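There are 4 protein chains.
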Amino acid sequence: MLKYKLNETDLQNALANLSGWTVKEGNLHKEYNFASFGEAMGWMVSVAIYAEKIEHHPTWLNIYNLVRVDLVTHDLGNVISNLDVELAHQMNQLAENKGYRG
Amino acid sequence: MLKYKLNETDLQNALANLSGWTVKEGNLHKEYNFASFGEAMGWMVSVAIYAEKIEHHPTWLNIYNLVRVDLVTHDLGNVISNLDVELAHQMNQLAENKGYRG
Amino acid sequence: MLKYKLNETDLQNALANLSGWTVKEGNLHKEYNFASFGEAMGWMVSVAIYAEKIEHHPTWLNIYNLVRVDLVTHDLGNVISNLDVELAHQMNQLAENKGYRG
Amino acid sequence: MLKYKLNETDLQNALANLSGWTVKEGNLHKEYNFASFGEAMGWMVSVAIYAEKIEHHPTWLNIYNLVRVDLVTHDLGNVISNLDVELAHQMNQLAENKGYRG
C-alpha cells in the first residue's frame, strides 16, 4: 500500500474527521475506554487483524478497560502518514460501530 | 457458581428473553453474523474471557464472519442449565452493545 | 496471491509434509488439542491474523481445548488449493513452534 | 483469591524463579519478544483469559512483536503481591511452553 507523509493541511483535515484523536509528541494519539477488559481485548484483536493486513502496526498500552494508542510511521522517519490515518479510522469504526449484523 | 438444569417453564421463559436463540438438538443454539472476520474473532475473544471466568465454555464453529454456537452442560448429562442461559445472555450483550465508552 | 487447485500428486506430496493433516470429505482436516482453553484461543487468534493477511479463512470448531479445522477453497469450487496447504503449514507452525524469542 | 504484599525475602525468592523478570520502578517488569506480531497477540489473548480469571490484570505495551509488561497491585497501594508473581509465572509458562498437545 502506498505510504506517504501527510502535509500539515492534510493532517488537520484528517484530524477533523477522527473523533477523539490528537497529535501528541509527534504521534497520532487516542485513549479508548471500554466497558470491560474483555471488550478492550476483543477490540484489540479485531484491530490487530486489520493492522497486519495493511502491514502497519500500532504502539498501544492496555490497562484493564483502557487502551492508549500511538500511531506513527517509523520507516518514513517517524512522521504521521496516510497509513496512520487509515488505521485510526478503522480503530474508531471497530470501537464505535456494532459489528453484529444479526 | 451454582449449576442446575432448567425445567421446561424456566427454559421457555429464558428463551423469551434471548433474542435469536432456539433449542436445537438439545442445545441452546444461535448463529451470529458479523460485519467482518475481524469482528467475529474479536467477539469470540471477548466471549472467551467471560466463558473461562464462569468456567463454562461454548461449542462454536467459525466460518469467516459467521459464528454458530451450541451451548449445553456436559457435566449435568447434556442438559440446558442456568449457565448456558447466562453465557447466551452475555454473548448477545457482547454482540449487540457497543463496549466502547469514549 | 495466486490460487490453484492441487492435482492428486501435489496433494499427496503436500500431505506427506503436513503432520496430522488428512483429507476428510473433500477438506484438508486436522484436530488440534491444546493444554488449555486459553492456549486454544490464543492459537486461533495468531492463525486468524495470518489467515486474513492471505485472505483465506478456515472453517473451525472449538470445544474447550480442542480445535477441529477444515480447509477448502470455496471460490475454486470446493477443491483443495495451494492456499489450503499454505494455511495448514502455518497452523502447524504456530501450534508446534514456540513463538517466544526471549 | 487471597492477595498480600510480598516481603523483601519472598520477593527475592520469587524473582529467582521468574526468568527474565526484574523489579523496575516498583513494578514487576519483563519485556517479551515474539517471532511475529500474530504470536505476540495470540500470547496476549491466552494471558488475558487467565488474568480475568484471577481478577488481576497487567499493564502492558505492545509494539509489533514486542510486549512490555508491568505488574503491580493497585488495591494494596501499588505494591508487588503474590498475584503479580502468579501472573508473571503464568506469562512465562504461556510464552515458553508449547500449549500444543497433538
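Line by line, the protein sequences give chains Z, W, P and L.
Numbers in my numbering are just positions in the first sequence, counted from 1, shifted up by 194.
Numbers in my numbering are just positions in the second sequence, counted from 1, shifted up by 194.
Numbers in my numbering are just positions in the third sequence, counted from 1, shifted up by 194.
Numbers in my numbering are just positions in the fourth sequence, counted from 1, shifted up by 194.
Virtual Cβ for every residue (Gly too), placed ideally from N, Cα, C.
For clarity, every value in this text was computed on a predicted model and none was experimentally measured.
Query raised in the report: Cβ atoms of V239/P and V266/L: under 7 Å apart, would you say?
Result: no
**Report entry** Closer than 7 Å to chain W by CB, E280/L
**Finding:** no
Report task. Return the chain-ordered ranges of every alpha helix (DSSP H) run that is complete within the region 244 to 275 of chain P and spans a minimum of 4 residues. Result -> none
Query raised in the report: Of all the CB atoms in chain L, is at least one closer than 7 Å to the CB of G271/P?
Result: Nearest CB-CB separation between G271/P and chain L: not below the 7 Å threshold.
Query raised in the report: In its own chain, which residues sit with a C-beta less than 7 Å from the C-beta of L205/L, not counting the 5 before and 5 after it?
Result: Closer than 7 Å at Cβ, skipping near neighbours: I274.
Query raised in the report: How about A234/P and V263/P: do their beta carbons lie closer than 7 Å?
Result: no
Query raised in the report: Straight-line CA distance for L288/Z to E280/Z?
Result: Taking the CA atoms as reference points, L288/Z sits about 12 Å from E280/Z.
Requested in this report: For chain L, find out if any of its Cβ atoms is closer than 7 Å to the Cβ of Y198/Z; answer yes or no.
Outcome: no
Query raised in the report: At a CB-CB cut-off below 8 Å, which residues of chain W make contact with M235/P?
Result: M238, V239 and A242
Query - Proximal chain L residues relative to I257/Z, where beta-carbon distance stays under 7 Å - result: T253
Query raised in the report: Taking DSSP as the reference, what is the three-state secondary structure of E233/Z?
Result: In this structure, E233/Z counts as helix in the three-state DSSP scheme.
Query raised in the report: Which whole-angstrom value describes the C-beta separation of I243/L and I248/W, a residue pair presumed to lie in contact below a C-beta threshold of 8 Å?
Result: The Cβ separation is near 12 Å, so there is no contact.
Report task. Could you tell me which chain P residues have their CB closer than 7 Å to the CB of G232/W, listed as they occur along the chain? Result -> Within 7 Å of the CB of G232/W, the CB atoms of chain P belong to E246, in sequence order along the chain.
Requested in this report: Assuming G296/W and N227/Z form a contact by the criterion Cβ under 8 Å, report the distance between their Cβ atoms to the nearest whole angstrom.
Outcome: 6 Å
**Report entry** N207/L (DSSP reduced to helix, strand or coil)
**Finding:** Note: N207/L maps to helix in three-state DSSP.
**Report entry** E225/W, enclosing beta strand (DSSP E) - first and last residue
**Finding:** N221 to N227
Query raised in the report: Beta carbon of V241/Z, beta carbon of M285/Z: below 7 Å?
Result: yes
**Report entry** Residue of D269/L, L270/L, N259/L and P252/L minimising C-alpha distance to H283/L
**Finding:** P252/L
Requested in this report: Give a yes or no on whether the minimum CB-CB distance between E225/L and chain P is below 7 Å.
Outcome: With a threshold of 7 Å between beta carbons, E225/L makes no contact with chain P.
Query raised in the report: Which chain P residues are close to E290/L, counting only those with a beta carbon under 8 Å from its beta carbon?
Result: Going along chain P in sequence order, the residues near E290/L (Cβ under 8 Å) are K292 and Y294.
Report task. In angstroms with no decimal places, state the Cα-to-Cα distance between E202/P and H268/P. Result -> 18 Å
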